[in-house]
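Each remark here refers to the structure printed beneath this line.
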Amino acid sequence: MTTDRIIQEVKQINSAYLIGKGKVDEIKNLISQRDADLVIFDDDLTPAQQRNLEEEFGVKVIDRTGLILDIFAQRAKSKEGKLQVQLAQLNYLLPRLVGWGGVLSRLGGGIGTRGPGETKLEVDRRTIRDRIVRAKKDIEKVRKVRTLHRKRRSDISCSTVSFIGYTNAGKSTLLNHLSNAGVLVGDKLFATLDPTIRKIRLPDNREILISDTVGFINKLPHQLIAAFKATLEEINESDILLHVIDISHPRVDDHITSVNTVLSEIGTSQKPIIHALNKIDKLDNVNSIVRYWQRELDNCVAVSALTGQGINDLFNKIEDLIQTRLKKVRLKLPVDAGDLISKIHRSGRI
Numbered sequence: 054m055t056t057d058r059i060i061q062e063v064k065q066i067n068s069a070y071l072i073g074k075g076k077v078d079e080i081k082n083l084i085s086q087r088d089a090d091l092v093i094f095d096d097d098l099t100p101a102q103q104r105n106l107e108e109e110f111g112v113k114v115i116d117r118t119g120l121i122l123d124i125f126a127q128r129a130k131s132k133e134g135k136l137q138v139q140l141a142q143l144n145y146l147l148p149r150l151v152g153w154g155g156v157l158s159r160l161g162g163g164i165g166t167r168g169p170g171e172t173k174l175e176v177d178r179r180t181i182r183d184r185i186v187r188a189k190k191d192i193e194k195v196r197k198v199r200t201l202h203r204k205r206r207s208d209i210s211c212s213t214v215s216f217i218g219y220t221n222a223g224k225s226t227l228l229n230h231l232s233n234a235g236v237l238v239g240d241k242l243f244a245t246l247d248p249t250i251r252k253i254r255l256p257d258n259r260e261i262l263i264s265d266t267v268g269f270i271n272k273l274p275h276q277l278i279a280a281f282k283a284t285l286e287e288i289n290e291s292d293i294l295l296h297v298i299d300i301s302h303p304r305v306d307d308h309i310t311s312v313n314t315v316l317s318e319i320g321t322s323q324k325p326i327i328h329a330l331n332k333i334d335k336l337d338n339v340n341s342i343v344r345y346w347q348r349e350l351d352n353c354v355a356v357s358a359l360t361g362q363g364i365n366d367l368f369n370k371i372e373d374l375i376q377t378r379l380k381k382v383r384l385k386l387p388v389d390a391g392d393l394i395s396k397i398h399r400s401g402r403i
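By the numbering used here, the letter at position 324 of the sequence shown is numbered 377, and the numbering carries on one by one without gaps.
What follows is the structure, encoded as structure tokens:
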């Protein structure tokens, strides 16, 4: 349970604590008054800053990256997801081992509130490095399997639409509405870590693949971008991106910026994109807000993944965008090429 929130605007970063010494003393008093056992910083701390703060506070301190890694560790379900989170955690832990022995043993550490497996805080750097090497090798095997699966999917000539968006924007709910896939839906951060791929049939009878991916977040830790490369490759290899946006959120502008930043970092910002303005059921002045975003963003569709409003418009937008990417060809086929003719009917418009 959160007992207090403290905000400090600083003109100059304190290299020892990030925050000023006066604020450190203020937090120490609050810890004593509230009997708190954990302090979370909504920013990244250097290993030295985290160590200094724990020595001052006498309780566990975690930063933004540590908290996000902890949430990811709890959400990962597949072997691949767990491997990727473990690699990110180990890379985060390695520089924090130096000089921590006594303090860490006293504080009963871990990464965030949950570490990778049963890793002990006093584990030596060589052991951590060995585990990093093993995790990278295992993830590389997963990446190769994913590449093989993508090749097999490409052989069936279906366009792939990847759902992207800020965490908790409603991607899984929308995917469920489109495909009845039964994907895990949760009103919580990072409910989806493992890509879910389903085949659906559009109203024009064309089959496409749709993929739900990990939710993005502001200042997504670089450890996660690197560790989740195999997962993010699903976005890179897709034909169209469907950016699901919670336009009812007060910080929707920041969310859009965060998603676009990650797309740039993984080299996917130039792909064709549809903007699904989701959760319109939560808005009172829906028309004016939708008109505003239609002026700001290309290829916008207003939808409610919860009620189904706007789903047909979204289907039409996907069909139109796929159509612009098709090439017209004339084919002469033997009359006995039944399988090939069926495949052409499934994959194109005759």
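Backbone N, C-alpha and C define an ideal beta-carbon position, used for all residues, glycine too.
Note the first and the last residue of the continuous beta strand (DSSP E) segment covering N331. 326-331
Report the three-state DSSP secondary structure of S357 (helix, strand or coil). coil
Where does N369 fall in DSSP's three states? helix
Quick check on DSSP: helix, strand or coil for F269? strand
Can V112 and D90 be called in contact, C-beta distance under 7 Å? yes
Span of the beta strand (DSSP E) holding H230? Element bounds for H230: not the beta strand (DSSP E) but the alpha helix (DSSP H), 224-232.
Using 10 angstroms around the beta-carbon of A390, count the other beta-carbons present and answer buried if the total reaches 16, otherwise exposed. exposed
How is the beta strand (DSSP E) around T249 delimited, first residue to last? 249-254
Name the one or two DSSP bridge partners that S264 has. S215, I250
Tell me whether E133 is buried or exposed, calling it buried when 16 or more other Cβ atoms sit within 10 Å of its Cβ. buried
Rounded to the nearest angstrom, what separates I394 and A188 at their Cα positions? 45 Å
Which term fits Y345, buried or exposed, when burial requires 16 or more other beta carbons within 10 angstroms of its beta carbon? exposed
Quick one: what does DSSP say L71 is sitting in, helix, strand or coil? strand
So what does DSSP say about H302, is it helix, strand or coil? coil
Which residues bound the alpha helix (DSSP H) around K135? 132-146
Could you tell me whether the region 247-257 touches the region 299-308, using the rule of 3 or more Cβ pairs below 8 Å? no
Report the rounded CA-to-CA distance for K324 versus L98, giving the unit in angstroms. 34 Å
For L106, report the span of its alpha helix (DSSP H) as first-last. 100-110
How long is the line joining the alpha carbons of S341 and I263, rounded to whole angstroms? 30 Å
Relative to the alpha-carbon of D292, which residue among L201, E260, T213, E107 has its alpha-carbon at the smallest distance? T213
Let me know the secondary structure DSSP gives L374 once reduced to three states. helix
Exposed or buried, what is K135 when buried is set at 16 or more other beta-carbons lying within 10 Å of its beta-carbon? buried
Tell me the DSSP secondary structure of I181 in three-state form. helix
Whose CA, out of F110, N352, T360, lies closest to the CA of Y70? F110
How far does the beta strand (DSSP E) with I115 in it reach, from first residue to last? 113-115
Contacts around D178, its chain only, beta-carbon distance under 7 Å, and the 5 residues preceding and following it disregarded: Strictly speaking, residue 178 in this sequence is Arg, with Asp absent from that position. If we look at R178 and ignore the five residues flanking it on each side, its Cβ neighbours are L147, L150.
Looking at the structure shown, is I60 part of a helix, part of a strand, or coil, going by DSSP? coil
Would you tell me roughly how many angstroms separate the C-alpha atoms of L143 and D123, rounded to the nearest one? 12 Å
Return the CA-CA distance between A222 and I270, expressed in angstroms with no decimal places. 11 Å
For I66, the three-state DSSP class (helix, strand or coil): coil
Could you tell me if L285 is buried or exposed, where buried requires 16 or more neighbouring beta carbons within 10 angstroms of its beta carbon? buried
With DSSP collapsed to three states, give me the class of L285. helix
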